[in-house]
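To start, the structure itself, in structure tokens.
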Amino acid sequence: MQTLLDYVRYLQIGPKDVIEVLLVGYAFYRILLLWTGTRALQILFGLVLLVAVHALARLLDLSLISYLLSQAFTYGAFALIVVFQPELRNALAQLGRSRVWRFFARMEESEVAGEIAEAAGRLSRARIGGLIAIEREVGLGEYADTGTRVGAEVSAELLTTIFTPYSPLHDGAVIVRGDQIVAAGCILPLTQFPVEDRSLGTRHRAALGLSEETDAYVVVISEETSQISLAHRGQLTRDLSPEALRGRLASSEPGRLASRPGSMAGESSAAEGDASGDPRPVPAGEN
């Protein structure tokens, strides 16, 4: 303990050290943000626990435990590369889609938004229900694991096919990451907040639930009313036209939404180019 106190007493901290600590802290923060909702975060917590046990073993001079953990760390590093391969690949992909590179990826994002909006319009015209979750900063891997992996490029045709009635994956949500459809038939959490409109069906409640827990955009198409809605951060915007939906998905901001969780913001025809006017209630029987 005295040695540690002497080290702290004579420690000189300069601007370079402060910048270095901030950069390392930000890097760890981004890693945790990317891995939230995935198995990697649970494994990372386990590794932190092992490191703490190793430090305690060295402090108490438990040579056998310290030696075994040291060997495990040495050879376990190679195993981690294999175990974390999907998460590392996703982290690199997320880095390529970060704000630093967003200017260069604007065209790709606009194309993806256009495909999703086109699919929503087709489903709306055919009165086919749909639920599409679009991953942003917070990972949706936990929810993707509840469905069937797809791993295909986003297209209006594929999205429409997935939600076609009686298809194997139509009952559930589609999760989109970047320009890829990660999974389909996924289960999303329902909202825990009271909803003013009791007629909202399961799809809308699931969209609100996911948007309360993550920063994802969630698109809902009602099979009863053919309305297109967008949930973001616990707020639901209803009665959007495909063009309005595309604009919101392609922009960095969700626009003006309702102020409380579980509430709905109607879109006027002047603001969104939708001739339907005020939003209509969704029948309670919708799934």
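Residue numbers (the working numbering): 5 to 291. Glycine included, every Cβ here is placed at the ideal spot set by N, Cα and C.
Euclidean distance between Cα positions of residue i and residue j
i, j, result
"A83", "A76", "10 Å"
"L55", "E161", "Leu is not the amino acid found at residue 55; the sequence shown has Val there. Using only the alpha carbons, I get a separation of about 49 Å."
"A269", "L173", "Reliability of the predicted coordinates at A269 is poor, the pLDDT of 43 falling under 50, and no value is obtained from them."
"E228", "G151", "24 Å"
"S74", "D21", "28 Å"
"R250", "R62", "58 Å"
"I232", "I17", "56 Å"
"P246", "G125", "5 Å"
"P258", "G205", "Reliability of the predicted coordinates at P258 is poor, the pLDDT of 39 falling under 50, and the value obtained from them is presented with this limitation in mind. If I take the Cα positions, the gap works out to 22 Å."
"S355", "A220", "In the structure as shown, the chain begins at 5 and stops at 291. Residue 355 is therefore absent and cannot be evaluated."
"V28", "L60", "24 Å"
"R129", "S230", "7 Å"
"G143", "I69", "36 Å"
"Y170", "G50", "42 Å"
"D243", "L234", "9 Å"
"D24", "D65", "In the sequence on display, residue 24 carries Glu and not Asp. Roughly 32 Å between the two C-alpha positions."
"Y30", "L36", "10 Å"
"L53", "E146", "22 Å"
For residue i, the nearest candidate out of the options (CA to CA)
i, options, result
"Q184", "I47, F32 and R140", "R140"
"C190", "G205, Y170, L214 and F197", "L214"
"I47", "A81, L249 and E217", "A81"
"R207", "T218, V223 and V25", "V223"
"A187", "F49, A156, E200 and P169", "A156"
"D149", "Y170, A177, A123 and I132", "A177"
"F197", "L240, R181, D175 and T168", "L240"
"A248", "S114, E146 and Y71", "S114"
"P193", "R131, T164, E217 and H236", "E217"
Residue i: first and last residue of the uninterrupted alpha helix (DSSP H) it sits in
i, result
"R209", "T206 to E217"
"L249", "P246 to A254"
"I17", "Neither: I17 is in no alpha helix (DSSP H) and is coded neither H nor E."
"E200", "Where E200 is concerned, there is no enclosing alpha helix (DSSP H), given that its DSSP letter is neither H nor E."
"A160", "A160 to I166"
Residue range of the unbroken beta strand (DSSP E) whose run includes residue i
i, result
"L240", "Q239 to R242"
Beta-ladder partner(s) of residue i, from DSSP
i, result
"A188", "T152"
"V25", "None, per the DSSP bridge assignment."
"I179", "A137 and A187"
"V224", "L135 and S233"
"E122", "The partner list for E122 (beta bridge, DSSP) is empty, contrary to what the question assumes."
"E157", "Q184"
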